[in-house]
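Chemist:
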Amino acid sequence: MESLLLDESGNLWIGGSGIYQLNPQTRKFLHYDVTDGLQSNSFKIGAAYRAADRTLFFGGTNGITYFRPQSIQVNTSLPKVQITELRIHNQPIAAGDTVNGRLLLAAPFTNHSSIELHSNENDFSIEFVGLHYANPHKQQYAYQLVGYNPDWVRVNAQQRTATFST
């Protein structure tokens with residue numbers, strides 16, 4: 005934490021490794037970095053200023069980042085999630101492949117696809133991706149296999165595989 009500013013809505017803005025916005029009422033952070041348009045991900049100690057017009061300024065290693073918090077529009081649209089791969093016993097299963105003598109996937113995955121696994125096909129993984137192309141590395145996912153995971157499993161954009169084994 006290198007610098008702190010408070011905006012007119014009561015949010016705390018923290019310069020350091022990027023810029024963080026803390027909403028004290030929800031206790032949730034949003035993190036902004038160079039992929040969001042910052043001049044760098046490194047900010048200087050005490051190099052922050054709130055102007056009379058509500059613009060926030062943060063001094064960093066490559067210059068100054070400035071913005072009006074009320075002008076930031078957070079993208080809240082949920083991306084369509086697509087299954088990209090299914091593996092059973094660590095073997096990839098493609099459309100048209102047979103497993104234990106039966107056709108498991110007649111066509112590539114769609115939102116309406118379903119598969120039925122036999123009890124001996126209990127070691128499987130599903131790879132997936134969110135089809136949203138603005139800052140894909142910031143996407144977060146959650147999955148749950150009812151009866152296996154008691155809670156939702158939350159993962160980031162680098163961990164897009166759900167693995168199940170009994």
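Its first residue numbered 5, the sequence shown is counted upward by one per residue in the numbering used here. Note that the Cβ used here is the ideal one computed from N, Cα and C, for glycine as well.
1. Taking the alpha-carbon of Gly67 as reference, which of Leu82, Ser46, Val85, Ile76 has the nearest alpha-carbon?
2. Using the DSSP secondary-structure output, state which residues sit across from Ile49 in a beta bridge.
3. How is the beta strand (DSSP E) around Phe132 delimited, first residue to last?
4. When you compare only the Cα positions, how much space is there between Asn94 and Thr167?
5. Given 8 Å as the limit, is there contact between the stretch 81-91 and the stretch 128-137, that is, 3 or more CB pairs closer than that?
6. The beta strand (DSSP E) with Ile18 in it runs from where to where?
7. Please list, in chain order, all residues of the same chain as Pro96 whose beta carbon is under 8 Å from its beta carbon, the five residues on each side excluded.
8. In three-state DSSP terms, what is Gln77?
9. In its own chain, which residues sit with a C-beta less than 6 Å from the C-beta of Gly64, not counting the 5 before and 5 after it?
10. Please classify Thr39: does DSSP put it in a helix, a strand, or coil?
11. Does Ala55 pass the burial test, meaning 16 or more other C-beta atoms within 10 Å, or should it be called exposed?
12. Could you spell out the range, first to last residue, of the beta strand (DSSP E) harbouring Thr30?
13. I'd like to know whether the C-beta atoms of Thr170 and Asn126 end up nearer to each other than 8 Å.
14. Along the chain, which unbroken stretches of the beta strand (DSSP E) at least 3 residues long are found entirely within the stretch 84-124?
15. Assign Ala52 to one of two classes, buried (16 or more other C-beta atoms within 10 Å of its C-beta) or exposed (fewer than that).
Modeler: Quick look at the numbers:
1. For this step, residue 67 is matched to residue 63 along the sequence shown. The shortest C-alpha separation from Gly67 is found at Ser46.
2. In the sequence shown, residue 49 corresponds to position 45, counting from 1. Per DSSP, Ile49 has no beta-bridge partner at all.
3. For the purposes of this step, residue 132 is taken as residue 128 along the sequence shown, with counting starting at 1. Element bounds for Phe132: 127-135.
4. Locating residue 94 in the sequence shown gives position 90, where the first residue counts as 1. Locating residue 167 in the sequence shown gives position 163, where the first residue counts as 1. Distance between the alpha carbons of Asn94 and Thr167: 10 Å.
5. These segments touch.
6. The count along the sequence shown starts at 1 and reaches residue 18 at position 14. According to the DSSP assignment, Ile18 belongs to the beta strand (DSSP E) that extends over 16-20.
7. For the purposes of this step, residue 96 is taken as residue 92 along the sequence shown, with counting starting at 1. The residues Glu89, Leu90, in chain order, have a CB closer than 8 Å to that of Pro96 in the same chain once the five nearest residues on each side in sequence are set aside.
8. Taking the first residue of the sequence shown as position 1, residue 77 is located at position 73. For Gln77, the secondary structure class from DSSP, reduced to helix, strand or coil, is coil.
9. Residue numbering aside, residue 64 sits at position 60 when the sequence shown is read from its first letter. Taking C-beta separations shorter than 6 Å and ignoring five residues to either side along the sequence, the partners of Gly64 in its chain run Gln43, Ser44, Ser46, Phe47, following chain order.
10. Locating residue 39 in the sequence shown gives position 35, where the first residue counts as 1. Thr39 sits in a helix when the DSSP states are folded into three classes.
11. On the sequence shown, position 51 is the one that residue 55 refers to. By the neighbour-count criterion, in which a residue is buried when 16 or more other Cβ atoms sit within 10 angstroms of its Cβ, Ala55 is exposed.
12. As a first step, residue 30 is located in the sequence shown; it is residue number 26 there, counting from the start. Premise fails: Thr30 is in no beta strand (DSSP E) and is neither H nor E.
13. For the purposes of this step, residue 170 is taken as residue 166 along the sequence shown, with counting starting at 1. For the purposes of this step, residue 126 is taken as residue 122 along the sequence shown, with counting starting at 1. Inclusion of Thr170 and Asn126 in the CB contact set at 8 Å is warranted, their separation being smaller than that value.
14. With a minimum length of 3 residues, the continuous beta strand (DSSP E) runs that stay inside the stretch 84-124 are 84-92, 95-97.
15. Within the sequence shown, the letter at position 48 stands for residue 52. So Ala52 ends up on the buried side.
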